[in-house]
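Peer 1:
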Amino acid sequence: MSLYRRPGSPHYWCRFTLGGRRIRQSTGTEDRKAAEEYEHRLQGRIWRETRLGERTGTWDQAVKKWGDERTARASTKHRDKEITSWFSLAIGRLPLSGINSDVIDKARKRLIQDRAPATANRYLVVLRAVLRAAVNWGWLQHAPQIQMFPLAEIEPRFITRDEFARLLAELPTHMKPVAQFAVLTGLRTANIRQLVWSRVNLARAHVWIPAQSTKGGRAIGIALSEDAVKVLAGIERVDEQEHVFLYEGRPVSNAYGKAAWRKACKRAGLEGLRFHDLRHTWASWLMQAGVPPYAIQSLGGWASPKMVERYAHLSPEHLKQYAAYSKLKA
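Take 72 as the starting number for the sequence shown in our numbering and just add one per residue.
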């Protein structure tokens with residue numbers, strides 16, 4: 072047996088050459104007998120692959136099959152492709168059976184270096200889904216456990232009306248109505264970018280967001296305030312199918328991460344503000360105005376009241392009617 076210990080890993084590793092293939096990988100276990108069994112099985116599988124032409128599937132093959140079978144919205148498929156492509160750079164050529172705890176741990180460490188924990192977890196969820204699908208196909212005997220990163224409760228960032236006025240004054244002309252519409256409707260960035268005139272009804276003061284464009288996968292109708300209607304009414308309208316917010320004849324790009332947005336935030340004294348924080352700002356303003364949480368949930372298109380609860384501390388006014396029942400005499 073060619074088992075050995077590798078610095079930094081608690082598991083036994085195996086190293087051998089068979090059928091012209093050089094193999095060096097972790098057995099995923101600290102038990103020597105289990106490691107010997109793993110190496111023996113691995114050698115048998117590789118011999119069958121090289122001599123008999125059997126295939127157990129690689130990560131890339133599993134991703135293709137998983138993608139072909141998966142029913143998802145266009146936006147979700149784009150995200151899935153981005154995530155699986157990231158993993159393909161690291162493990163694309165590995166047989167599925169070679170994706171063990173050490174390989175996954177290495178991927179997790181790389182993920183957390185340049186991605187937030189919540190984003191890294193979304194990547195790991197896709198990794199887990201592909202491996203579990205491979206088990207269902209019979210390509211894998213079992214899927215390794217994948218540990219998610221712990222998420223700290225983050226206070227949503229919002230700005231005041233005065234701060235928004237400062238930001239608006241610093242934004243380029245084409246971004247002003249985009250920011251105004253965002254803070255007046257609470258719509259997500261993608262929904263604003265993809266909004267077309269055919270889904271806008273100024274007379275009835277509402278916009279319609281199709282199911283394939285929403286995060287929750289269900290169509291939502293958004294009621295517009297008088298100010299939101301004024302913002303849209305002030306935009307030149309050429310074609311019913313044309314996007315509402317344009318820059319040089321093309322749909323506006325994602326505001327967050329672009330130099331113009333960052334520079335405007337810096338000049339306004341709001342460094343680090345994300346475009347998505349305008350959605351938090353909208354919800355916070357409504358909560359402070361005494362709008363009931365259920366109404367904010369409906370207006371914001373949230374599937375669960377849990378998301379709205381993050382803003383509840385901003386205004387205890389809606390609980391006063393119930394607090395009145397707490398008294399010393401009946």
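The beta carbon of each residue, even a glycine, is placed where N, CA and C say it ideally should be.
1) To the nearest angstrom, report how far apart A200 and F87 are at their CA atoms.
2) Please report the distance separating the alpha-carbon of M246 from that of L341.
3) For my contact list, V271 and L303 are in at a C-beta cut-off of 8 Å; report their separation, rounded to the angstrom.
4) Compute the distance between the beta-carbons of G299 and T256, then report whether it is under 7 Å.
5) For H167 versus L211, is the C-beta distance shorter than 7 Å?
6) Please work out which residues of its chain come closer than 6 Å, Cβ to Cβ, to R381, disregarding the five sequence neighbours upstream and downstream, and give them in chain order.
7) How is F87 classed by DSSP in three states: helix, strand or coil?
8) Runs of 4 residues minimum, wholly inside the region 247-305: which ones carry the alpha helix (DSSP H) assignment?
9) Please name the residue, chosen from P281, V379, Y75, that lies closest to P363 on a Cα-to-Cα basis.
10) Mind reading off the beta-carbon distance from A178 to A189? Whole number of angstroms is fine, and I expect it under 8 Å.
11) From the DSSP output, read off the bridge partner residues of S97.
12) Do you know offhand how far R93's Cα is from T142's?
13) Between the region 273-280 and the region 289-298, can you find at least three pairs of beta-carbon atoms closer than 8 Å?
14) Assign D151 to one of two classes, buried (16 or more other C-beta atoms within 10 Å of its C-beta) or exposed (fewer than that).
15) How many Å lie between W130 and R181 at the Cα?
16) For P166, which residues does DSSP report across the bridge?
17) Check for me: the beta strand (DSSP E) holding L74 runs from which residue to which?
18) Considering only their Cβ atoms, is the gap separating V309 from R264 smaller than 7 Å?
Peer 2: Per the coordinate set shown:
1) Rounded to the nearest angstrom, the two C-alpha atoms are 31 Å apart.
2) Their Cα atoms are separated by approximately 16 Å.
3) Yes, V271 and L303 are in contact; Cβ-Cβ is about 6 Å, under 8 Å.
4) Strictly speaking, residue 299 in this sequence is Ala, with Gly absent from that position. For A299 and T256, yes; Cβs fall inside 7 Å.
5) Note that residue 167 corresponds to Leu in the displayed sequence, not to His. Yes, the Cβ-Cβ distance between L167 and L211 is below 7 Å.
6) Its chain contains P227 as the residues whose beta carbon lies nearer than 6 Å to that of R381, once the 5 sequence neighbours on both sides are disregarded; these appear in chain order.
7) Residue state, collapsed to three classes: strand.
8) The alpha helix (DSSP H) runs of length 4 or more contained entirely in the region 247-305 are, from start to end of the chain, 247-256, 260-265, 297-304.
9) Ranked by Cα distance from P363, the options P281, V379, Y75 are led by V379.
10) Contact between A178 and A189 does not hold, since the beta-carbon distance rounds to 17 Å and is not under 8 Å.
11) S97 is bridged to W84.
12) Their Cα atoms are separated by approximately 38 Å.
13) Enough Cβ pairs lie closer than 8 Å, so yes.
14) Burial check for D151: the Cβ neighbour count within 10 Å reaches 16 or more, so the residue is buried.
15) Computed Cα separation, rounded: 18 Å.
16) DSSP, once it has assigned bridges, lists T129 as partnering P166.
17) Here the beta strand (DSSP E) through L74 covers 74-76.
18) In this structure, R264 keeps its C-beta atom at 7 Å or more from the C-beta atom of V309.
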